[in-house]
Amino acid sequence: MMHIAFAIDSRFVRPCAVTMVSVLRNNVPYEIVFHIVGLNLHQEDVAFLSALCDSYGAKVFFYEVAEEKMKGYEVTWEKQRLSKVVFFRCLLSSILPLSVSKVLYLDCDVLVLSSLYGLWETDLTGVALAGVPDSFTVNPVHCRRLHYASSYNYFNGGVLLLNLEYWRAHGVERLCAEHYRMYPDRIVYNDQDLLNSLLHERKRLLDMKWNVQEGAYRRPKGKSAGWVPPHIETITRPAILHYSGRKPWQYHCMHPLRRLYFEYESLLPGVEKKNDGWAVRLHRFVHFLPYALGIKSEKYIDIRYYGSSKKTLEGQSVPLISIVVPVYNVERYVEKCIRSLRGQTYGHIEVILVDDASTDGSYDVCKAAIGGDPRFKLIRRPVNQGVAGARNLGLSVATGELLGFVDPDDWIEQDMYALLYDAYVVSGADIVLCGYYLHLQNGNIQKCAVGKNERWGTREALELLFQDRLIKNYLWNKLYKRRLFDGVSFPVGRTFEDILTLPEVFGRAKTVYVAGDITYHYVERHKSIVTKAFRQNQWDDYLYALDVKHSRAKALGLWKDSDRFLANMYLRILDRSLSEDGSGKKRKVLMEYLRKNVSGVPLLTKSPYLAFRRFLCLHLFDLYKGATLFFAKFKKK
Numbered sequence: 002m003m004h005i006a007f008a009i010d011s012r013f014v015r016p017c018a019v020t021m022v023s024v025l026r027n028n029v030p031y032e033i034v035f036h037i038v039g040l041n042l043h044q045e046d047v048a049f050l051s052a053l054c055d056s057y058g059a060k061v062f063f064y065e066v067a068e069e070k071m072k073g074y075e076v077t078w079e080k081q082r083l084s085k086v087v088f089f090r091c092l093l094s095s096i097l098p099l100s101v102s103k104v105l106y107l108d109c110d111v112l113v114l115s116s117l118y119g120l121w122e123t124d125l126t127g128v129a130l131a132g133v134p135d136s137f138t139v140n141p142v143h144c145r146r147l148h149y150a151s152s153y154n155y156f157n158g159g160v161l162l163l164n165l166e167y168w169r170a171h172g173v174e175r176l177c178a179e180h181y182r183m184y185p186d187r188i189v190y191n192d193q194d195l196l197n198s199l200l201h202e203r204k205r206l207l208d209m210k211w212n213v214q215e216g217a218y219r220r221p222k223g224k225s226a227g228w229v230p231p232h233i234e235t236i237t238r239p240a241i242l243h244y245s246g247r248k249p250w251q252y253h254c255m256h257p258l259r260r261l262y263f264e265y266e267s268l269l270p271g272v273e274k275k276n277d278g279w280a281v282r283l284h285r286f287v288h289f290l291p292y293a294l295g296i297k298s299e300k301y302i303d304i305r306y307y308g309s310s311k312k313t314l315e316g317q318s319v320p321l322i323s324i325v326v327p328v329y330n331v332e333r334y335v336e337k338c339i340r341s342l343r344g345q346t347y348g349h350i351e352v353i354l355v356d357d358a359s360t361d362g363s364y365d366v367c368k369a370a371i372g373g374d375p376r377f378k379l380i381r382r383p384v385n386q387g388v389a390g391a392r393n394l395g396l397s398v399a400t401g402e403l404l405g406f407v408d409p410d411d412w413i414e415q416d417m418y419a420l421l422y423d424a425y426v427v428s429g430a431d432i433v434l435c436g437y438y439l440h441l442q443n444g445n446i447q448k449c450a451v452g453k454n455e456r457w458g459t460r461e462a463l464e465l466l467f468q469d470r471l472i473k474n475y476l477w478n479k480l481y482k483r484r485l486f487d488g489v490s491f492p493v494g495r496t497f498e499d500i501l502t503l504p505e506v507f508g509r510a511k512t513v514y515v516a517g518d519i520t521y522h523y524v525e526r527h528k529s530i531v532t533k534a535f536r537q538n539q540w541d542d543y544l545y546a547l548d549v550k551h552s553r554a555k556a557l558g559l560w561k562d563s564d565r566f567l568a569n570m571y572l573r574i575l576d577r578s579l580s581e582d583g584s585g586k587k588r589k590v591l592m593e594y595l596r597k598n599v600s601g602v603p604l605l606t607k608s609p610y611l612a613f614r615r616f617l618c619l620h621l622f623d624l625y626k627g628a629t630l631f632f633a634k635f636k637k638k
C-alpha cells in the first residue's frame, strides 16, 4: 500500500486533481491511499476529489489543520501565491494516523509519469526523509545562509519521501517549530529552507528522475540549439516532472513540456476543457513575440531534438512487441498482471494470453481484465500441456519483430518495455535485459539489479547465463529479437524449460545489453526448487536441466567452475530433501548425478569443503545425513 500526501487550499484543488490523475494512470497495480491536508476547502472540492478517487478505485482521506498549530509560521516569499499551507508537510507525522509509517509528499505542480515503486521502496533507515537536489540552489550561498556545509547539498521540497516513524521517534515536528522560532531570519524559501536547515544531516538524496525541475530544461546563455544538456535521458523521460517555476496554467509559462499538463487535465472526469480567454491569449502572444523574432534568446531547450521513444507512434513506425503470457490456475493474480500490461507507456504491443485449460476462473478473469483492448489475444486450450506448450502456442501466434515474456502471477512497471526498447535502439543488441524485484514469501523484497549499460558478446553472455550469475536463466526480464526463436520450441512435458531453451537463444545473439532499470516484479509463490517439496518429476526435470546446461558449457569450453556449482547445487537440494518422508528415490537420483557429473579430484583443488561433503555423501551417507540434520537444528536455535 502506497501513501501519498498533498497540502492544498481551495486555489489548488484542480492542480491537485491533475497530479492525482497522473499518479493513478501510471501506477495501475498499486493500492494507493491519498491523504489531503486542506485549508478552507469547500464541500464541492472534497466531493470532486473523492469522486475522482472513486473512479479509479483509490482511497482518499481529508484532514483539517488547527489554526493554533500554524501560529508560529509566516510565509516569507511570493506571498501572493503561497500560504501557510506550504508548512503543512512539517506536520504530517502528527496529522496522519500512526499506522502510516512513511508517506510520499507531492506538490500540486508535479506530474507523475512513471511507476513510483522504485521511489517508494527507497531505504529510509536512520534518516528523516529522502529528496532530490534542487536545480536552482546548487550555489553554496544557500547553505551558508542556513549555516551548514555545502557538502550536504540542498534538496527540493516538491517531492519528499518522509519517514514518519523517524519523525515521531525524534520529535522532528516539534524541532521544526523551535528551529523556525529561533532562526526566522535564515528562512527565505519557507518550508524548503526550514527542512534543509534542520535535516541536512538526516536525509538521503534521490536520483534526479524523481523530481525533474524546471532548471533542468533551461539553456545556458551562449549555448546553441544543438547543445546537448546533461542528464538528457532523464529529462526526456522524467519519472516525476516538476513545474517548479511558472505553472502551466499561467500565460507566461514557457516550459517545453507545458502541454503535457493539459493532456492529464483533460483526463479529469466530469471537467470541461478550460480554454484561455482572449486576454490571456493576447498576453501570451505579446510575451512570446520577442523570442519568436529573435530579439531575445530562447530560455529553454527544444525537447523535440532529444526525444527517443517518446515519439512512439507519432509519425514514426516503431516495431511491434509481442508479449507471451502462459495462464494456468492463477485467477487470484492474473488481473494485476494484465493491468500492468495494459498500462504500458510503449503502446505498440500485442499481448498473447494462452489459458492452458485452467480449472479455476482464470479464463473469465482474463477476459474481464482485457476489457475489449484490441492489443490482447486470449486463447483457450482444451487440454493442458504445461507452460512449455502454452509458450510454444504463443510463439506461433506472435507477429511482432520483438518478443517478451511475462509470468501470469508477476507484474511489471508501466515503462518496462519503453525502457527496454530505448536500450534496444541505443545498443543495437539482439537481447536487452533489466533488473527485477524479488517479492519473497515472507513479505520481504529484494532488488536484483544486473548492472548498467553493460554489453556482452555471444561467448561472454553464454558463460554468464550458464553461471546463472549476472544473466539469470529467466525468460521474463528480457526483450528479444523475434528471429532468435525461429525453429526454437520449449520442451513440452518438462518443467524448467527456460534453462533448456535460453542457451540456444543466447547462442544466436551477437550482442546482449543490460539496461540499468529495475522494472520487473517476480513474485515467489512456491516456485523455488530449494524452498518447497517438488513433485518427483520436477526434481528429475531440474536435475536434467542442470545436466544439459553442464554438458553444453563443457562442449563450448565455458564455465570452468561448473563442477563446483553442480556439487553445491546437488548437495543443497539433497539437504533440503533429507527431512522429507519418502525421500529415498530423490536421494538415489541426486547421488547418481553427483557421482556422474562431479569428479572428486578436480573438486578437491577448487573447494576442499565440497569435496569432503561429496565423499561423505557417496561413501558414508548415514554420517552425512546425521551431521546435516544436526547442524540444521543447531541453526534454527
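If you count the sequence shown from 1, position 635 lands on 636 in the numbering used here, and the numbers rise without skipping.
All C-beta atoms in this analysis are idealised placements derived from N, C-alpha and C, irrespective of residue type, glycine included.
As the structure is a prediction and not an experimental result, all values here were calculated from the model.
Considering only Tyr153, Thr237, Pro249 and Asn191, the residue with the shortest C-alpha distance to leucine 206 is Tyr153. Listed as beta-bridge partners of glutamate 351 by DSSP are Ser323. Here the alpha carbons of alanine 6 and alanine 424 stand approximately 34 Å from one another.
Contact annotation: phenylalanine 89 and lysine 60 have beta-carbon atoms that are not nearer than 8 Å. Contact between lysine 378 and threonine 459 does not hold, since their C-beta atoms are separated by about 33 Å, which reaches or exceeds 8 Å. Isoleucine 500 is not a Cβ neighbour of asparagine 478, given a cutoff of 8 Å. Approximately 26 Å separates the beta-carbon atoms of valine 590 and leucine 559; this is outside 8 Å, ruling out the contact. For the options Phe286, Tyr481 and Met592, the alpha carbon positioned closest to that of leucine 621 is the one of Met592.
In the DSSP assignment, phenylalanine 566 falls within the alpha helix (DSSP H) that extends over 563–578. Assignment of alanine 510 by DSSP, reduced to helix, strand and coil, places it in the coil class. Taking leucine 342 as the centre and dropping the five residues before and after it, the same chain places the C-beta of Val352 closer than 6 Å to its C-beta, in chain order.
In terms of CA proximity to tyrosine 347, Ser115 leads the group Asn445, Thr360, Arg175 and Ser115.
Assignment of aspartate 10 by DSSP, reduced to helix, strand and coil, places it in the strand class. DSSP, read as helix, strand or coil, puts asparagine 393 in helix. Between the C-alpha atoms of valine 328 and valine 101 there is a straight-line separation of about 36 Å.
The three-state secondary structure of tryptophan 412, taken from DSSP, is strand.
Exposed is the label assigned to valine 384, since fewer than 16 other Cβ atoms lie within 10 Å of its Cβ. The beta carbon of lysine 248 is closer than 7 Å to those of Asp110 and Cys254 in its chain, skipping five residues each way along the sequence. The region 412–423 makes no contact with the region 486–502: fewer than 3 CB pairs, one atom from each, lie closer than 8 Å. About 17 Å separates the beta carbons of isoleucine 322 and glycine 429, which is beyond the 8 Å limit, so they are not a contact pair.
Aspartate 357 is not a Cβ neighbour of tyrosine 364, given a cutoff of 8 Å. Secondary structure remark: continuous beta strand (DSSP E) runs of at least 3 residues inside the region 45–104, in chain order: 60–65. Between valine 213 and proline 239 a beta carbon distance of about 4 Å is seen, short of the 8 Å cut, so the two are scored as contacting. Taking 8 Å as the upper bound for CB-CB distance, tyrosine 244 and glutamate 215 are in contact here, some 6 Å apart. Annotation for leucine 165: the continuous alpha helix (DSSP H) segment containing it runs 165–171. Excluding residues up to 5 positions away in sequence, Pro257 lie with their Cβ nearer than 6 Å to the Cβ of isoleucine 304 in the same chain. Excluding residues up to 5 positions away in sequence, Trp477 lie with their Cβ nearer than 6 Å to the Cβ of aspartate 408 in the same chain.
In the structure shown, the three-state DSSP call for glutamine 214 is coil.
According to the DSSP assignment, histidine 620 belongs to the alpha helix (DSSP H) that extends over 609–620. Isoleucine 472 has its alpha-carbon roughly 9 Å from the corresponding atom of leucine 463. Secondary structure at glutamate 122: coil, using DSSP grouped into helix, strand and coil. The three-state secondary structure of aspartate 423, taken from DSSP, is helix.
Your pair leucine 112 and tyrosine 265 checks out as a contact, with CB atoms roughly 6 Å apart and the cut at 8 Å. Annotation for glutamine 386: no alpha helix (DSSP H) segment contains it, and DSSP assigns it neither H nor E. The beta carbon of leucine 394 lies closer than 6 Å to those of Val355 in the same chain, with the five residues before and after it left out. Partner residues in the beta bridge of glutamine 447, as assigned by DSSP, are Leu439.
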